[in-house]
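Residue numbers (full-length UniProt numbering): 1 to 713.
Since the structure comes first, as structure tokens, the remarks are kept for the end.
This is the structure we're talking about:
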């Protein structure tokens, strides 16, 4: 098959490049870089062109979190490349690029046996859960080290010196004052074979730890970076769609001239030469949806209440003996809730499918490319080895792109039309059919002791694990419950703890969302800790420090954040609130300044965050993710929750984004650490609502126990 980068939006670097890769990958695996004429292929990995340009295959999907930059920085650092010469390309689906954390943290638990044997290692190539740096730092380092070892061996042979005496930096291999550029060594290096494990650098090179500019920033700014909706193929039709919540949908109008209607069990679509024509035809047509009659707000609330009142709880994390801790005492208790939340991604979901010459091709923005490819092949009844998926960058970090529900529909439309089809949702249809962040409700109990310690803690949560629900739709697993890995253990030294969960049968579809369950659980936990401090007449900072004896990294974050934020004790007249959270292998403390405005609205003036996320690849990316996450989650925590009808979102269909001029002042500090890297993408998202809720409680004297925060409720 002839590949054209402009048409397929994928590629392997400059023509004439020599592909160099770490020899530990099985030779039977297909390369992540497609070689051009004259290239020598050693496996998936790094291409070095004859002019010295370096192209690195990145297995993780770019969602705006900067992972193309971060992982390229890791590999280029080991290689010793010059950053201005580095480019990236998405690694092809398949192969051994599995995300080990996606497996170890339970993302693929409970696969139905008839599919399990078909998935293989590549099925775990998932970009979600703040796992990318944590899971892929080591493989990318090995990739760079392997390429460096080959280049060094070639240079050492030419100089007749030992390879161990040579090094690489800034695109050159060096030895005692002399140097050779990568471009001059690439051809000879590509003919060499690694004798064994390539050694890693003893320390960092010149790139890791630096706030290097993002590789995709300029192409985004000038429009060169292509997203799923930018794909254009010869003879392509455009399609728009209407879906039902949990039932059937039918179209009862004749198609106008130049328009074709198509339908499936729970969808109808219009196809036209342009998308606006297809959408206008659907808007004028009579479309009847037979959705879930009981899928409304009252049914959602009732399902949560019944699950919370039941005795059908599973203990996901248990420490000590809570029952004994509560004996002879009446524990303090409070009920908290978090409503469903939408994915407010900028990019409208779009998938392009083409069936031609026995080949099925898919262009899609997906966070699970291998699972998406398999879903496409299954939908078409097509051979997997004749199915190609081109993973494109995702225009939003909310997490909606983990769901691949549009891909089988796009394939069906392309098969029926006999032409390539690009299926794109309208903004209204995107929101109405959103797989929302699952609503949760919790009952918390604690036994405070006279000295400020907490003798026992129980949290019972009712709802749905949205991540688990999304994964089971992807892989066909049986209906599940909550994953234990979705519950982060309490960061506090409480000797007796029970974190329990009960699944609720919700009449709406839940899915993966940035921050996962941590956002709601952190709000519940940190709000209740704050309540206990105030009931006991203690400074919320002192209360937390007293409980953090076994967690020095989080305590350090908290002390530094309160110093930077000018913590005033949180007493009468204060407008400050705290939170301290451990999640994704990282630690964050936030000090928020907030109040209730004259119109009853939440007004946040300042957010100060201190983060310990272990070894930092790119501090600029960390600050961007924490700051952006705080602002985005703050917006979501202060706007109206979605309302449901017939199992779908009834409104609001649009949520105004917060203007930067009215946004809070933000300060993010990163603490130096030699620990293993932690995740940061969801960290700020998880932390901000809890800190703001505690600030509002201090300012108003009234505790808001529900998300979104509504002082007028």
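Glycine included, every Cβ here is placed at the ideal spot set by N, Cα and C.
- Annotation for residue 97: no beta strand (DSSP E) segment contains it, and DSSP assigns it neither H nor E.
- About 5 angstroms separates the Cβ atoms of residue 514 and residue 397, confirming a contact at the 8 angstroms cut-off.
- Under a 10 Å Cβ-count criterion, residue 459 is classified as buried, with 16 or more other Cβ atoms of the shown protein chains found around its own Cβ.
- DSSP, read as helix, strand or coil, puts residue 290 in strand.
- Relative to the Cα of residue 305, the nearest Cα in the group 271, 494 and 439 belongs to 439.
- The Cβ atoms of residue 78 and residue 205 sit closer than 9 angstroms to each other.
- In the three-state reduction of the DSSP assignment, residue 693 falls in the helix class, which pools H, G and I.
- Around the CB of residue 286, fewer than 16 other CB atoms lie within 10 Å, so the residue is classed as exposed.
- When DSSP reads this structure, residue 460 sits in a beta bridge with 443 and 500.
- Annotated three-state conformation of residue 596 is strand, per DSSP.
- Residue 566 sits in coil when the DSSP states are folded into three classes, being neither helix nor strand.
- With a cutoff of 9 angstroms on beta-carbon distance, residue 485 and residue 126 are scored as not near each other.
- With fewer than 16 other Cβ atoms from the protein chains shown falling within 10 Å of its own Cβ, residue 323 counts as exposed.
- Sequence-distant partners of residue 347 (beyond 5 residues in either direction) whose C-beta falls short of 8 angstroms from its own C-beta, in its chain, are 227, 228, 229, 365, 394, 395 and 396.
- By the Cβ rule, the segment 336–350 counts as touching the segment 428–436, because three or more pairs are nearer than 8 angstroms.
- Exclusion of the five residues before and after residue 487 leaves 316, 317 and 499 as the residues of its chain whose Cβ lies within less than 6 angstroms of its Cβ.
- The beta-carbon separation of residue 135 and residue 100, rounded to 5 angstroms, stays under the 8 angstroms limit for a contact.
- Looking at the backbone, the Cα of residue 468 and that of residue 133 are separated by about 22 angstroms.
- By the CB criterion at 9 angstroms, residue 641 and residue 341 fall inside the cutoff.
- Distances from the CA of residue 357 to each of 415, 298 and 90 were compared; the closest alpha carbon is that of 415.
- With a cutoff of 9 angstroms on beta-carbon distance, residue 519 and residue 434 are scored as not near each other.
- Annotation for residue 545: the continuous alpha helix (DSSP H) segment containing it runs 540–547.
- Using a Cβ-Cβ distance cut-off of 8 angstroms, the segment 271–285 and the segment 246–263 are in contact, since at least three pairs of beta carbons, one from each stretch, lie closer than that value.
- Here residue 242 really is in contact with residue 249; their C-beta atoms are around 6 angstroms apart, less than 8 angstroms.
- Look at residue 378 here: in three-state DSSP terms it is helix.
- Under the criterion of beta carbons closer than 8 angstroms, residue 696 and residue 704 qualify as touching, at roughly 6 angstroms.
- Distance between residue 628 and residue 90, taken at the CA atoms: about 24 angstroms.
- Residue range 67–79 is occupied by the alpha helix (DSSP H) that includes residue 77.
- The residues 65, 130 and 625, in chain order, have a CB closer than 6 angstroms to that of residue 681 in the same chain once the five nearest residues on each side in sequence are set aside.
- Here residue 46 is actually not in contact with residue 88; their C-beta atoms are around 10 angstroms apart, not less than 8 angstroms.
- In the three-state reduction of the DSSP assignment, residue 579 falls in the strand class, which pools E and B.
- In this chain, the alpha helix (DSSP H) harbouring residue 526 covers 518–535.
- Ranked by how close their Cα comes to the Cα of residue 623, the residues 153, 576 and 683 have 683 in first place.
- Residue state for residue 282 is assigned as helix, using DSSP reduced to three classes.
- For the 9 angstroms CB-CB criterion, residue 333 and residue 444 form a contact.
- In this structure, DSSP gives residue 250 an extended state, which the three-state scheme calls strand.
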